[in-house]
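A.B. asks: Each step along the sequence shown adds one to the number in this note's numbering, with nothing skipped, and position 3 is 216.
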Amino acid sequence: MDASINKKIWFLLMLAALYSSYAQSINADLMGKTVTYSYDNNGNRITETHTD
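1) Residue 257 to residue 215, Cα distance in whole Å?
2) Give the straight-line distance between the Cα atoms of residue 225 and residue 232, rounded to the nearest whole angstrom.
3) In whole angstroms, what separates the C-alpha of residue 249 from that of residue 229?
4) Do you know offhand how far residue 227's Cα is from residue 234's?
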């Protein structure tokens, strides 16, 4: 594969990963809600959504 094609694919994958990691909080902000994250004792993320 061409190197420039590899760079474009890598960029799109990084962009998709970045969007997916922030999509939940972005959508909550658009809906006027606040999202906070906390972790349990095993290191698993717990999502809490609060309405303002």
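We put the beta carbon where it would ideally sit given N, CA and C, even for glycine.
C.D. replies: Checking against the coordinates, here is how it stands:
1) Numbered from its first residue, the sequence shown carries residue 257 at position 44. Numbered from its first residue, the sequence shown carries residue 215 at position 2. Spanning the two alpha carbons is a distance of roughly 40 angstroms.
2) Position 12 of the sequence shown, counted from the start, is the residue given in the question as residue 225. Position 19 of the sequence shown, counted from the start, is the residue given in the question as residue 232. Distance between the alpha carbons of residue 225 and residue 232 is about 10 angstroms.
3) Taking the sequence shown and counting its residues from 1, one reaches residue 249 at position 36. Taking the sequence shown and counting its residues from 1, one reaches residue 229 at position 16. Rounded to the nearest angstrom, the two C-alpha atoms are 22 angstroms apart.
4) In the sequence shown, the residue the question calls residue 227 occupies position 14. In the sequence shown, the residue the question calls residue 234 occupies position 21. When rounded, the distance between both Cα atoms is 11 angstroms.
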